[in-house]
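Engineer: If you scroll down you'll find the structure; I have some questions about it.
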Amino acid sequence: MSRAPIPPDSRRRTPVRASARARETGAPLNPPLSDAEKRMIIALFEGLAEADHNASQRPRAAGQTRGTS
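If you want our numbering, it's the 1-based position in the sequence shown plus 286.
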């Protein structure tokens, strides 16, 4: 029981790399971030910095080392 060959027109095309597509269309590979996206990234990093600071203020359990793995 063998399968019929796949006709060339229905065959899946090879994926085009984003850099090649950008070159063809003239579109920038990484478009600039909007103000809303910039604010969201800043808020994310501020939240991470605050969480890190809060974690460093907590007393550690006996025998626990910091930052070594």
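The beta carbon of each residue, even a glycine, is placed where N, CA and C say it ideally should be. Computed from a predicted structure; not experimentally measured.
Look at the Cβ atom of A308, then the Cβ atom of L315, and state whether they are nearer than 7 Å.
Structural biologist: A contact, by the Cβ cut-off of 7 Å.
Engineer: Taking DSSP as the reference, what is the three-state secondary structure of S305?
Structural biologist: Three-state DSSP puts S305 in a helix.
Engineer: Which of helix, strand or coil does DSSP assign to L334?
Structural biologist: In this structure, L334 counts as helix in the three-state DSSP scheme.
Engineer: Excluding five sequence neighbours on each side, which residues of the same chain lie with their C-beta closer than 6 Å to the C-beta of A306?
Structural biologist: For A306, where only same-chain residues beyond five positions count, there are no Cβ hits under 6 Å.
Engineer: Quick check: the Cα distance between E356 and E310, rounded to an integer number of angstroms?
Structural biologist: Only positions 287 to 355 of the chain appear in this structure, which leaves residue 356 out of reach.
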